[in-house]
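K.L.:
Going by the working numbering, the first residue of the sequence shown is number 14, and it counts up by one from there.
By construction, the Cβ of each residue, glycine as well, lies at the ideal position given by its N, Cα and C atoms.
As the structure is a computational prediction, the values presented were derived from the model and not from experiment.
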Amino acid sequence: MLETEQLIELEILAREELERLERKASAAGDSTAAVSPDKSIGRLSRLDAMQMQEVAKEAERQRGMRMHELREALRRMDLGEYGLCSACGEWIDYARLEARPELRQCSRCALRS
Ligand SMILES: [Zn+2]
14 MLETEQLIEL
24 EILAREELER
34 LERKASAAGD
44 STAAVSPDKS
54 IGRLSRLDAM
64 QMQEVAKEAE
74 RQRGMRMHEL
84 REALRRMDLG
94 EYGLCSACGE
104 WIDYARLEAR
114 PELRQCSRCA
124 LRS
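1) My guess is that P114 and L26 are in contact by the Cβ rule of under 8 Å, so how many angstroms apart are they, rounded?
2) Expressed to the nearest angstrom, what Euclidean distance is found between the alpha-carbon atoms of W104 and E71?
3) If I measure Cβ to Cβ from E111 and keep anything under 8 Å in the same chain, skipping five residues before and after, which residues do I get?
4) Is any heavy atom of ligand 1 found at a distance shorter than 7 Å from the C-beta of A108?
5) For L15, which of helix, strand or coil comes out of DSSP?
6) Taking the CB atoms as reference points, tell me whether L116 and L83 lie closer together than 8 Å.
7) In whole angstroms, what separates the C-alpha of A62 from that of A69?
8) Per DSSP, which residues does L83 bridge with? Please list them.
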């Protein structure tokens, strides 16, 4: 099971990661703006720009999901439900949570699903 110190450490990690992603999200606002149909950039570079935009959108989507998961993890910490595997109910390894504080399953269950 998790010690209080470990829980505090994980809460700090989750908050820091969430803040980092929030900063990134606001910085990325410009890069996902619509590709201008400006004739001067030509057809191919416009396709490039659109492809870049797709990549940026996908990154943004994944970032959004991760931010949601981190907020959920912080909520579980508040409720005192944090750290137990959602599949088998066993404690999740601290090392695993240290790497990804938002994870909800232990390594065994994650491999099985
Ligand atoms: Zn499990």
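P.N.:
In brief:
1) 5 Å
2) 32 Å
3) E22, L23, L26
4) No.
5) Coil.
6) no
7) Here the alpha carbons of A69 and A62 stand approximately 10 Å from one another.
8) Its beta-bridge partners do not exist; DSSP assigns none.
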